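Protein chains in written order, with this note's numbering: chain Y, 1 to 192; chain B, 193 to 788. Heads up, the beta-carbon is just placed ideally off N, CA and C, and yes, glycines get one too. All figures in this text were calculated on a predicted structure; none of them were measured in a lab.
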Amino acid sequence: MATATQGKGALARPARTKEVAVEVAGPSRREFLYYIWGASAVLLLGQVTAGIVWFALPRFREGEFGGVFRLPTDEVPASGSAPVAFPAGRFWLSNSDQGFLALYAVCTHLGCLPRWVDTNNRFECPCHGSKFEADGAYIEGPAPRGLDRFRVTVTFTNGDVATMDGSGAPIPLEGREIAEVAVDTGDRIMGT
Amino acid sequence: MTILPFPSFLDDVKAKGLKRAVFEGVDDVVERVTAGLNVQDIRETLRGENPSRRPNPRLQPHADGFWLHMRPSYFHRDMTGLYPTFRLGWLSTYFVFFETITGIFLMIWYTPSPTYAYSNMLNILSNVPLGQLMRDLHRLGAEAMVLIVTLHMVRTFFTGSYKKPRQFTWFTGVILLLATLFLSFSGYLLPWDQLALWAVTIGASMVEAAPPEVVGTNLDLLLRGGPEIGANGLLRFYLLHVLAVPAILFIFTGVHYYKVIIHGHSLPPQKENIGEDTAKRVPLDKRVYFIPDVLTSEIMWISVTTFILVMLSVWFFHAPLENHADPQVTPLGTTAPWYFLWIQGALKLGDKVLWGIVFPTVVFVFMMILPYLDTNPSRRYRDRRFMLSLGFLLISGTTVLSYMGLADYGVDTSADAEILHYMTHEPAHNHMGLLLPVPYDELVPGMYTTEQFAVSSDEAAAAIAALNERVDGTDLGSQIQGVLGSTYADVGALRFRAVPDDAPELVSVMESFQKQLKEEEDELHNGFGMVIISENQEGLRRVDVLIAWEEVELEQGRPVKDADGQVVPILTEDGSPTYRVSEAHIFIHRHAAYFQ
Chain Y
1 MATATQGKGA LARPARTKEV AVEVAGPSRR EFLYYIWGAS AVLLLGQVTA GIVWFALPRF
61 REGEFGGVFR LPTDEVPASG SAPVAFPAGR FWLSNSDQGF LALYAVCTHL GCLPRWVDTN
121 NRFECPCHGS KFEADGAYIE GPAPRGLDRF RVTVTFTNGD VATMDGSGAP IPLEGREIAE
181 VAVDTGDRIM GT
Chain B
193 MTILPFPSFL DDVKAKGLKR AVFEGVDDVV ERVTAGLNVQ DIRETLRGEN PSRRPNPRLQ
253 PHADGFWLHM RPSYFHRDMT GLYPTFRLGW LSTYFVFFET ITGIFLMIWY TPSPTYAYSN
313 MLNILSNVPL GQLMRDLHRL GAEAMVLIVT LHMVRTFFTG SYKKPRQFTW FTGVILLLAT
373 LFLSFSGYLL PWDQLALWAV TIGASMVEAA PPEVVGTNLD LLLRGGPEIG ANGLLRFYLL
433 HVLAVPAILF IFTGVHYYKV IIHGHSLPPQ KENIGEDTAK RVPLDKRVYF IPDVLTSEIM
493 WISVTTFILV MLSVWFFHAP LENHADPQVT PLGTTAPWYF LWIQGALKLG DKVLWGIVFP
553 TVVFVFMMIL PYLDTNPSRR YRDRRFMLSL GFLLISGTTV LSYMGLADYG VDTSADAEIL
613 HYMTHEPAHN HMGLLLPVPY DELVPGMYTT EQFAVSSDEA AAAIAALNER VDGTDLGSQI
673 QGVLGSTYAD VGALRFRAVP DDAPELVSVM ESFQKQLKEE EDELHNGFGM VIISENQEGL
733 RRVDVLIAWE EVELEQGRPV KDADGQVVPI LTEDGSPTYR VSEAHIFIHR HAAYFQ
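See below:
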């Protein structure tokens, strides 16, 4: 039975393809070698492209971008006052009600630098109008998230040491006095 | 017998006489140089006569010469009028060469390095004879090229000339449009001014947003040559601008024009039957020969265009140059060039991957494959209602998005910052702060206020006196002095006075200042403006612009209104208003020459 069914199928298939069957000779040795040669040329071109990309990619030395900024306490803004820019490290120090943090000065949208507008009490980007709170939180505009932040380590006068965790939440001061601030601009934490 | 040991011109002179030998020699040279036309042929052509010998010598340069080998020897009479081509394709081609030539001249005085680029610009503008003209021509030519190429495409769309068999011609045309746009944009970075840096930062950040992340990040690095635009980025954009993209442009100009010739210039839609393409079958009585009619017309068109460009550059248009690039400050009102405003507008709508990458890609890919999608054989306007409507819809959409791309749309900031910017901003896109073009002589040191212009001229003196009293020894006065900072430590008391009568431009600036404050009355409650001019150094004056107002409740940057529609002032504990003061300043040198 099984063989019979098989035979039926084997009979049916050639009948269907018969109409479009075209007599094509198998590749000759010469033709085949051309395909192999062409494929290797394409492969070579791919390697050349990869080589060019490798050649043209910029190289950085260790520590060329980013580093740890140790700031004296007089750089730290008073709680609730306007954030203070720190152009050398491309960041803002912000001390809002939520706590203390260092915000990367570059807009998360397309790389412009938002300005702190005191009158409106927020960061405003001059390029496409994204707005951010003093603690970097997203308010409105096309930016995909709040401002990014750098990992900051705060040493308090009472000996406590607090480091920003991976969530990027501001460090609550809880009335303690800051002795030293270290901002690691090599360690960027995405805003939310 | 020859005079020299080989046949020479001297033999000719001997055989025919000097005059005839010289004439024949010249005639021969002319025929060789023109690849077919002798002096007699050229004179017949210029006189408008038919050629006197056969085969027609005016066809010879097309067959034998290099320069005309790709130009058809005759055109169809129905497409030599202004309609249907408007000469836009020819002008686009002309701009390729116009930009190349002016660009090469500018390269003589340019070094692609952040250390020198900006000073090279100043040198071109101030030291190089015709330097400013050359830069203006290159820049104006670039803008005109974008315009002409776009119009060429719009024309081709509306006359249905992209249809079979010209689909691939259209496809290469879209590549040429992209190359034109990128050339225009990459030229932006080279002066290394503020406009350059931030326009290209935005552009490169859009590339960075390309998904997936590994592609976007590495493309961005390849383009910028580092995490930020610097010396490497400038060099890369320079090489793209002067070598890579022009090479693509030249190659595809060749492909595009070859296709145009292969298929013939498409006739006006109503001149042939639906589905037919008769451009290659030009009846004898419809032929307009390239030499002399088309050639003359083409020379006329590029001459007129060059004339207009030179006139505009000499009298009306100057390529803007902003301040030296400053990676620490993004200027307020940063906008894309006008032909990219639609992308900037789209970017304000939301997600940058969607609106910055996907949206423009979809637009351009759609444009490329348009002729393969639209298989309606008819080029008649009445048969193409859907496509023509779609075309108008795209044009309207682009216009709306471009409007949204303007700095005024969606990028609002506080009223005081807007007004201070309006008064003091550096030249950008041919606009500048109101105070900048005021002549140095009119900036007489002193303190002036908009209170003088808030009332009629006979009450002005009283208004100024009232303000002097308000700020004399009061909290408001010391707050203003605090904002002015150490620069004015020695000025002592604030004493405002009337703007001198012989300073009409300063007066008109103060009047606009007052008008602006009036318009923002809600946010800048009871606000008034101050302009304080001081001699900072010999020949250098500092102009401080200040706005003081009573603070009101704001929510998301807009004043909160109470039930009566009034703003809500923020009062101190004893019920007096809280004042806010903001300031901006500029320095103006005796020899500064800002012109509107």
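TODO: Taking B/L539 as the reference, give the member of Y/G111, Y/V161, Y/G191 and Y/P83 with the closest Cα.
DONE: Looking up residue 539 of chain B in the second sequence gives position 347. Nearest C-alpha to B/L539: Y/G111.
Task: Cβ-based contacts, 8 Å cut-off: residues of the region 759 to 784 of chain B near chain Y - done: Of all residues in the region 759 to 784 of chain B, R772 and S774 have a Cβ within less than 8 Å of some Cβ in chain Y.
Open item on the list: If you measure between the beta carbons of B/I367 and B/F442, is that distance less than 7 Å?
Closed with: Start at 1 with the first residue of the second sequence, and residue 367 of chain B comes out as number 175. Start at 1 with the first residue of the second sequence, and residue 442 of chain B comes out as number 250. No.
Open item on the list: Taking the alpha-carbon of Y/W116 as reference, which of B/Q708, B/S606, B/T590 and B/S670 has the nearest alpha-carbon?
Closed with: As a first step, residue 116 of chain Y must be located in the first sequence, where it is residue number 116. Looking at B/Q708, B/S606, B/T590 and B/S670, the one whose alpha-carbon comes closest to that of Y/W116 is B/S606.
- [ ] Note down, in chain order, every chain Y residue with its Cβ under 7 Å from the Cβ of B/Y522.
- [x] Stepping through the second sequence from its first residue, residue 522 of chain B is reached at position 330. According to the sequence shown, residue 522 of chain B is Thr rather than Tyr. Contact annotation for B/T522 against chain Y: C112, L113, P126 and C127 [CB-CB distance below 7 Å, chain order].
Task: beta strand (DSSP E) segment containing Y/G186, residue limits - done: For the purposes of this step, residue 186 of chain Y is taken as residue 186 along the first sequence, with counting starting at 1. Where Y/G186 is concerned, the enclosing beta strand (DSSP E) starts and stops at I178 to I189.
Task: Short Cβ contact (7 Å threshold) for B/S505 with B/L329 - done: The residue labelled residue 505 of chain B in the question sits at position 313 within the second sequence. The residue labelled residue 329 of chain B in the question sits at position 137 within the second sequence. Between B/S505 and B/L329, the CB-CB gap stays under 7 Å.
Task: Contacting positions in the region 518 to 544 of chain B - beta carbon closer than 8 Å to chain Y - done: Within the region 518 to 544 of chain B, the qualifying residues are Q520, V521, T522, P523, L524, G525, T526, Q536, L539, K540, L541, G542, D543 and K544.
Open item on the list: Looking only at its chain, what residues have a beta carbon closer than 6 Å to the beta carbon of Y/A2, apart from the 5 residues adjacent to it on each side?
Closed with: For this step, residue 2 of chain Y is matched to residue 2 along the first sequence. For Y/A2, the predicted structure reports a pLDDT of 45, less than 50, and the residue's modelled location is therefore unreliable. The matter cannot be settled from this model.
Task: Beta-carbon gap between Y/G141 and Y/G191 smaller than 7 Å - done: The residue you call residue 141 of chain Y lines up with position 141 of the first sequence. The residue you call residue 191 of chain Y lines up with position 191 of the first sequence. No, they are not a contact pair.
Task: Test item: CB-CB of Y/P144 and Y/G99 under 7 Å - done: Counting from one through the first sequence, the residue named residue 144 of chain Y turns up at place 144. Counting from one through the first sequence, the residue named residue 99 of chain Y turns up at place 99. In this structure, Y/G99 does not lie closer than 7 Å to Y/P144 by Cβ.
TODO: Determine the DSSP secondary structure at Y/P27, reduced to helix, strand or coil.
DONE: In the first sequence, the residue the question calls residue 27 of chain Y occupies position 27. In the structure shown, the three-state DSSP call for Y/P27 is coil.
- [ ] Name, in chain order, the residues that DSSP records as bridge partners for Y/T153.
- [x] Mapped onto the first sequence, residue 153 of chain Y falls at position 153. For Y/T153, which the question treats as bridged, DSSP gives the partners Y/T163 and Y/A182.
- [ ] For B/T470, collect the residues of the same chain with a Cβ closer than 6 Å to its Cβ; drop the 5 residues on either side in sequence, then sort them by chain order.
- [x] On the second sequence, position 278 is the one that residue 470 of chain B refers to. Apart from the 5 residues on each side of it in sequence, B/T470 sits with its Cβ closer than 6 Å to the Cβ of E464 in its chain, given in chain order.
TODO: Helix, strand or coil for B/P187, going by three-state DSSP, please let me know.
DONE: Residue numbering for chain B in the displayed model covers 193 to 788; residue 187 of chain B lies beyond these limits and cannot be assessed.
- [ ] Identify the contact partners of Y/V53 in chain B, using a Cβ-Cβ distance below 9 Å as the criterion.
- [x] Start at 1 with the first residue of the first sequence, and residue 53 of chain Y comes out as number 53. Those are N410 and L414, listed as they occur along chain B.
- [ ] Please state whether DSSP places B/M624 in a helix, a strand or coil.
- [x] In the second sequence, the residue the question calls residue 624 of chain B occupies position 432. Looking at B/M624 - three-state DSSP - the assignment turns out to be coil, as it is neither helix nor strand.
- [ ] Can you tell me which of the three DSSP states B/R416 falls into?
- [x] On the second sequence, residue 416 of chain B is found 224 positions in, with the first residue counted as 1. In this structure, B/R416 counts as helix in the three-state DSSP scheme.
Task: Local conformation of B/M615 per DSSP, three classes - done: In the second sequence, the residue the question calls residue 615 of chain B occupies position 423. Looking at B/M615 - three-state DSSP - the assignment turns out to be helix.
Open item on the list: Would you say Y/P58 lies against chain B (beta-carbon separation less than 7 Å)?
Closed with: Walking along the first sequence from the start, residue 58 of chain Y turns up at place 58. Y/P58 counts as touching chain B.
Open item on the list: Does chain Y have any CB closer than 7 Å to the CB of B/S305?
Closed with: By 1-based counting over the second sequence, the position of residue 305 of chain B is 113. With 7 Å as the cut-off, B/S305 does not count as an interface residue toward chain Y.
Open item on the list: Using a Cβ-Cβ cutoff of less than 6 Å, which residues in the same chain neighbour B/Q758 once the five nearest sequence positions on both sides are dropped?
Closed with: The residue labelled residue 758 of chain B in the question sits at position 566 within the second sequence. Closer than 6 Å at Cβ, skipping near neighbours: no residue.
TODO: Would you please verify whether the beta carbon of Y/T119 is less than 7 Å from any beta carbon of chain B?
DONE: For the purposes of this step, residue 119 of chain Y is taken as the residue at position 119 of the first sequence. By this cut-off, Y/T119 is an interface position.
Open item on the list: With a threshold of 7 Å between beta-carbons, can B/A334 be considered close to chain Y, or not?
Closed with: Stepping through the second sequence from its first residue, residue 334 of chain B is reached at position 142. Put simply, the CB of B/A334 is far from chain Y, with every gap to its CB atoms at 7 Å or more.
- [ ] Establish whether the CB of Y/P142 and some CB of chain B are separated by less than 7 Å.
- [x] Counting from 1 along the first sequence, the entry for residue 142 of chain Y is found at position 142. Yes, Y/P142 lies at the interface with chain B (some Cβ there is under 7 Å from its Cβ).
Task: According to DSSP, residues forming a beta bridge with Y/N95 - done: Residue mapping note: residue 95 of chain Y aligns to position 95 of the first sequence, counting from 1. Y/N95 is bridged to Y/F100.
- [ ] State whether the region 69 to 77 of chain Y contacts the region 116 to 130 of chain Y, with contact taken as three or more CB pairs (one from each stretch) at a distance under 8 Å.
- [x] These segments do not touch.
Open item on the list: Residues of the region 70 to 94 of chain Y in Cβ contact with chain B at a cutoff of 7 Å, in chain order, please.
Closed with: Listed by position, the residues of the region 70 to 94 of chain Y near chain B (Cβ gap below 7 Å) are P87.
Task: Beta-carbon proximity of Y/F150 to Y/A82, cut-off 7 Å - done: In the first sequence, counting from the first residue as 1, residue 150 of chain Y sits at position 150. In the first sequence, counting from the first residue as 1, residue 82 of chain Y sits at position 82. Taking 7 Å as the Cβ cut-off, Y/F150 and Y/A82 do not qualify as a contacting pair.
Open item on the list: Using a Cβ-based criterion (distance less than 6 Å to any ligand heavy atom), does Y/S96 qualify as near the ligand NAD?
Closed with: Absent from the structure shown: the ligand NAD. Ligands present: none.
Open item on the list: By the DSSP assignment, the beta strand (DSSP E) with B/S726 in it spans what residues?
Closed with: Walking along the second sequence from the start, residue 726 of chain B turns up at place 534. Note, B/S726: beta strand (DSSP E), H717 to Q729.
Open item on the list: Does the CB of B/S378 have a neighbour CB from chain Y at under 7 Å?
Closed with: Numbered from 1 along the second sequence, position 186 holds the residue referred to as residue 378 of chain B. No - not a single Cβ of chain Y is within 7 Å of the one on B/S378.
Open item on the list: Once DSSP output is grouped into helix, strand and coil, what is the label at B/E712?
Closed with: Taking the first residue of the second sequence as 1, we reach residue 712 of chain B at position 520. The DSSP-derived three-state label of B/E712 is coil.
Task: From B/G408, B/T294, B/A609 and B/L414, residue whose alpha carbon lies closest to that of Y/G51 - done: Mapped onto the first sequence, residue 51 of chain Y falls at position 51. When C-alpha distances from Y/G51 are compared across B/G408, B/T294, B/A609 and B/L414, the shortest belongs to B/L414.
Task: Distance, Y/G66 Cα to Y/D187 Cα - done: The count along the first sequence starts at 1 and reaches residue 187 of chain Y at position 187. The count along the first sequence starts at 1 and reaches residue 66 of chain Y at position 66. So the two alpha carbons sit approximately 8 Å from each other.
TODO: Could you tell me the boundaries of the beta strand (DSSP E) in which Y/Y138 lies?
DONE: Locating residue 138 of chain Y in the first sequence gives position 138, where the first residue counts as 1. Counting along the chain, the beta strand (DSSP E) containing Y/Y138 begins and ends at Y138 to E140.
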